Amino acid sequence: MAGTPATRSTRSTRSAAQYEFRVVSIPPSASRTDVRQLLTEQAEYGRWELSRHRIYLGGVRKVWLRRKIIRVVSTL
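Quick note, the sequence shown lines up with residues 1 to 76 if you use the UniProt record's numbering.
Below, the structure is given as structure tokens:
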């Protein structure tokens, strides 16, 4: 990929389910194949799913990914 995407993670709550969000900024010089590969890897290995996708003036793309926060309760 020509430029490395910038990422930012935040935690947010929506109704009963809690999600962690990651914002990925993709430069306009990135090819569609590279973007697809990046998002596929995030989904497969990081368990992220696509929440939102925006294309801004100038071609910069921002993708919001989310994944469920799984709370572990101690049984001891």
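Where is the CB? At the ideal position from N, CA and C, for every residue including glycine.
These numbers come from a predicted model, not from an experiment.
For residue i versus residue j, is the C-beta spacing smaller than 7 Å?
i	j	result
V63	H53	yes
Q18	I69	yes
Report the rounded CA-to-CA distance for residue i versus residue j, giving the unit in angstroms.
i	j	result
R66	L76	31 Å
I55	T33	16 Å
Y45	F21	16 Å
S25	V73	35 Å
A30	A43	19 Å
R71	E41	24 Å
For my contact list, residue i and residue j are in at a C-beta cut-off of 8 Å; report their separation, rounded to the angstrom.
i	j	result
L57	L50	Not really, about 22 Å apart at Cβ, beyond 8 Å.
Can you check DSSP and say which residues form a bridge with residue i?
i	result
R66	F21, E49
R54	K62
Considering only C-alpha positions, which residue in the set the options is nearest to residue i?
i	options	result
V23	W48, R71, A30	W48
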